[in-house]
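Here is the structure we will look at, set down as structure tokens.
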Amino acid sequence: MEDIVLKPGEVHFFYTLDDEIQSPLLLDKYREISSSKEKIKIDRYRFGRDQRTCLVTRGLLRFVLSRYTQIPPQSLGFRENDFGKPSLKPGITDIPIQFNLSHSKGLTACAVVLESQIGIDVEDISRKVDLKIARRFFSKQESEYLGKTIEKETFFDFWTLKESYIKAKGKGLSIPLNKFSFTISQDRTDICFDASYDDNPDNFIFFRFPLLKKFKVAITVEAPKNEGCELRVYHCIPFRMIKKQEQIQII
């Protein structure tokens, strides 16, 4: 597998298709490197597919972080903040690496960055959409925009962006979804905030892109907008294959 170096100002996004991982040896490897607490969580799932998704998620995260930190995957330790956002335990490494996870209907994803907080969301665009959700949870501007378009995918553009922002902030749904609003076009993404909510739109960088003609992906990086950021996308089977994806249309 190629050697990958994460540099300041870069985001690396890895995705794994769960159905590609059929090897019992690989699944056993993912379980072997999981912590006791993670194994308990895995075993709670009643259905094999859900168990495998959980195994793949732990395998992908530990594999990716191990490559960047040079720490054995089974030796990595994690903690969660009060809202459930995970990070590496203090003292594990001097490398200021941050990460976030998402999965949707057979696809598991992990993104990493140095220094900055990051949030990602992946959604299967084939699922049914109830636009009442937009009227209930989105900002007035977003709801009005959706009311003028017949493109179901536009809903997922907004939804993934909002989820990724909340995950980057690490405060869960304590941030009301209607207190911030996205505007999107073919070549840019911008955020603005309600007067009652204190945040700075110049402190965020956003990426969004379609993946495999079936998913929408959004990434939020909490970093100065004027500094810019480069995104690299990799298809990965943990402990077997990493392949950089060149034909991704990133917005």
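The opening position of the sequence shown corresponds to residue 1 in full-length UniProt numbering, with each subsequent residue numbered one higher. Note that CB positions come from ideal geometry on N, CA and C, so glycine has one too. Just so it is clear, the structure is predicted and the values come from calculations on it, not from any experiment.
- Take residue 11, set aside five residues on each side of it, and the residues of its chain with a beta-carbon closer than 8 Å to its own are 111, 112, 113, 118, 207, 219, 221, 229, 230, 231, 232, in chain order.
- According to the DSSP secondary-structure assignment, residue 204 is paired through a beta bridge with no residue.
- When the five nearest sequence neighbours on each side are left out, the beta carbons in the same chain lying within less than 6 Å of the beta carbon of residue 181 are those of 139, 141, 142, 192, in order along the chain.
- Relative to residue 87, the option among 173, 168, 4, 241 whose CA is nearest is 168.
- For residue 51, the uninterrupted alpha helix (DSSP H) run begins and ends at 48–69, by DSSP.
- Cα atoms of residue 73 and residue 209: separation of roughly 29 Å, rounded to the nearest angstrom.
- When the five nearest sequence neighbours on each side are left out, the beta carbons in the same chain lying within less than 8 Å of the beta carbon of residue 237 are those of 16, 20, 21, 26, in order along the chain.
- Going by C-alpha positions, residue 39 is about 45 Å away from residue 147.
- Per DSSP, the beta-bridge partners of residue 218 are 121, 208.
- Looking at the DSSP output, residue 190 shares a beta bridge with 183.
- Apart from the 5 residues on each side of it in sequence, residue 67 sits with its Cβ closer than 7 Å to the Cβ of 4 in its chain, given in chain order.
- Listed in chain order, the non-local C-beta contacts of residue 157 below 7 Å within the same chain comprise 184, 208, 216, local neighbours out to five positions each way being set aside.
- Judged by DSSP in its simplified three-state form, residue 24 adopts helix.
- Membership of residue 156 in the alpha helix (DSSP H) is indicated by the continuous run 152–169.
- The alpha-carbon separation between residue 69 and residue 35 amounts to approximately 18 Å.
- Spanning the alpha carbons of residue 151 and residue 177 requires a straight line of approximately 21 Å.
- If you check the CB distance, residue 14 and residue 55 do not come in under 8 Å.
- For residue 109, the enclosing beta strand (DSSP E) has its first and last residue at 107–114.
- 8 Å or more divides the Cβ of residue 164 from the Cβ of residue 179.
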